[in-house]
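A.B. asks: Here my numbering is used: the first residue of the sequence shown is 7, the next is one more, and so on. Positions of the beta carbon are idealized from the N, C-alpha and C atoms, including for glycine.
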Amino acid sequence: METLGQLAAHLVLDLAAVSVLTFAIYYPRHRRRDLVPAYLALNVALFAVVSALAQVGEGGTALGFGLFGVLSIIRLRSDSIQHEEVAYYFTTLVLGLLCGLPHLGFAIAATLAALLLLVMYGADHPRLMARTCRTVVTLDAVHTDQRALCDDLARRLGGEPCTWTVKEIDFVRDLMVVDVRFRLPEPFGRPARTTSQRTDRNRPRTITRSPAHPQPRPLSEETV
Numbered sequence: 007m008e009t010l011g012q013l014a015a016h017l018v019l020d021l022a023a024v025s026v027l028t029f030a031i032y033y034p035r036h037r038r039r040d041l042v043p044a045y046l047a048l049n050v051a052l053f054a055v056v057s058a059l060a061q062v063g064e065g066g067t068a069l070g071f072g073l074f075g076v077l078s079i080i081r082l083r084s085d086s087i088q089h090e091e092v093a094y095y096f097t098t099l100v101l102g103l104l105c106g107l108p109h110l111g112f113a114i115a116a117t118l119a120a121l122l123l124l125v126m127y128g129a130d131h132p133r134l135m136a137r138t139c140r141t142v143v144t145l146d147a148v149h150t151d152q153r154a155l156c157d158d159l160a161r162r163l164g165g166e167p168c169t170w171t172v173k174e175i176d177f178v179r180d181l182m183v184v185d186v187r188f189r190l191p192e193p194f195g196r197p198a199r200t201t202s203q204r205t206d207r208n209r210p211r212t213i214t215r216s217p218a219h220p221q222p223r224p225l226s227e228e229t230v
């Protein structure tokens, strides 16, 4: 059984952890506002259910783990969710479950919550494998030669494909669907500066006037 003070402390820990995960890590990187209330509501709801079931006894804790297993297999089919967002989805579930466990100490719960936040911060960092991309390409040709397929993908995507999987081939409409993992060229977004360009930039420039714009002559004393 938990006292009211312990329950309040665990609730504050849970709210702080899920707020950092949602507003400091997830939203600045993915910008999906529709999933923010879903993460918050799911986390707090799981915390409330686990805390309430803990008052029943040992059977309530087992029921809470069963509830976590049921919620973990829910798939929202109304909208597509990326794999990164699924990771945040499960992290909110685990945070709610950890902070809602009655017999887990506050220090241990805080340490495990901080570990989860640290892992999500590093695993979903924008600089981690930033040049690696994935896309699904529909080609208007069917390539039976792997080298020709690789050259066509590199020409269309602007980067050398690391690996690809042919998902569909249609000989009637003469098209194929390919799932491609590729790397963007270096540097990305700006051309590389050559040595001659850097030398020309550091060289002093001499400004010359065009003959069509002669220099003004100074006024003499005789001019009134």
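Just verifying my parser: in three-state terms, what is the DSSP assignment at Thr138?
C.D. replies: strand
A.B. asks: My assumption, with CB atoms under 8 Å, is that Leu163 sits in contact with Phe188. Please give the rounded CB distance.
C.D. replies: Confirmed, Cβ separation roughly 5 Å.
A.B. asks: Considering just the uninterrupted stretch of the beta strand (DSSP E) at Arg187, what are its terminal residues?
C.D. replies: 181-189
A.B. asks: Just the C-alpha distance for Ala54 and Ala30, rounded to the nearest angstrom, thanks.
C.D. replies: 23 Å
A.B. asks: For a test of the three-state rule: what should DSSP assign to Val24, helix, strand or coil?
C.D. replies: helix
A.B. asks: Provide the residue span of the alpha helix (DSSP H) that contains Ala60, from first to last.
C.D. replies: Per DSSP, Ala60 belongs to the alpha helix (DSSP H) from 41-60.
A.B. asks: With three or more beta-carbon pairs closer than 8 Å as the criterion, would you say the segment 84-103 touches the segment 40-60?
C.D. replies: Verdict: yes, contact present.
A.B. asks: Between which residues of its own chain and Val100 is the CB-CB distance below 7 Å, once the five residues before and five after are set aside?
C.D. replies: Leu122
A.B. asks: Label Ser57 either buried or exposed according to how many other C-beta atoms from any shown protein chain fall within 10 Å of its C-beta, with 16 as the threshold for buried.
C.D. replies: buried
A.B. asks: Report buried or exposed for Val184, applying the criterion of at least 16 other Cβ atoms within 10 angstroms of its Cβ.
C.D. replies: buried
A.B. asks: For Thr9 and Asp20, what's the separation of their Cα atoms in angstroms?
C.D. replies: One alpha carbon belongs to Thr9, the other to Asp20, and they sit about 17 Å apart.
A.B. asks: Since Val2 contacts Asp180 with CB under 8 Å, what's their CB separation in whole angstroms?
C.D. replies: With the chain represented from 7 up to 230, any question about residue 2 goes unanswered, as that position is not in the structure.
A.B. asks: Note down the Cα distance separating Ala22 from Ala15, rounded to an integer number of angstroms.
C.D. replies: 11 Å
A.B. asks: Please report how far the alpha carbon of Leu45 lies from the alpha carbon of Asp146, in whole angstroms.
C.D. replies: Checking the sequence, you will find Tyr at residue 45 rather than Leu. The straight-line gap from Cα to Cα measures roughly 41 Å.
A.B. asks: Skipping 5 residues on each side, what residues in its chain have a beta carbon closer than 8 Å to that of Asp158?
C.D. replies: Leu145, Ala147, His149
A.B. asks: Rounded to whole angstroms, what is the Cα-Cα separation between Thr169 and Asp130?
C.D. replies: 22 Å
A.B. asks: Buried or exposed: where does Gly128 fall if 16 or more other Cβ atoms within 10 Å of its Cβ makes it buried?
C.D. replies: exposed
A.B. asks: Just the Cα atoms here: how many angstroms apart are Gly11 and Gly111?
C.D. replies: 13 Å
A.B. asks: Ile114 bridges to which residues according to DSSP?
C.D. replies: Ile114 is not bridged to any residue.
A.B. asks: Considering only their Cβ atoms, is the gap separating Gly102 from Val50 smaller than 8 Å?
C.D. replies: yes
A.B. asks: Is the distance from the Cβ of Leu52 to the Cβ of Gly106 below 8 Å?
C.D. replies: yes
A.B. asks: Nearest by alpha-carbon distance to Cys139: which of Ala160, Gln61, Pro34 is it?
C.D. replies: Ala160
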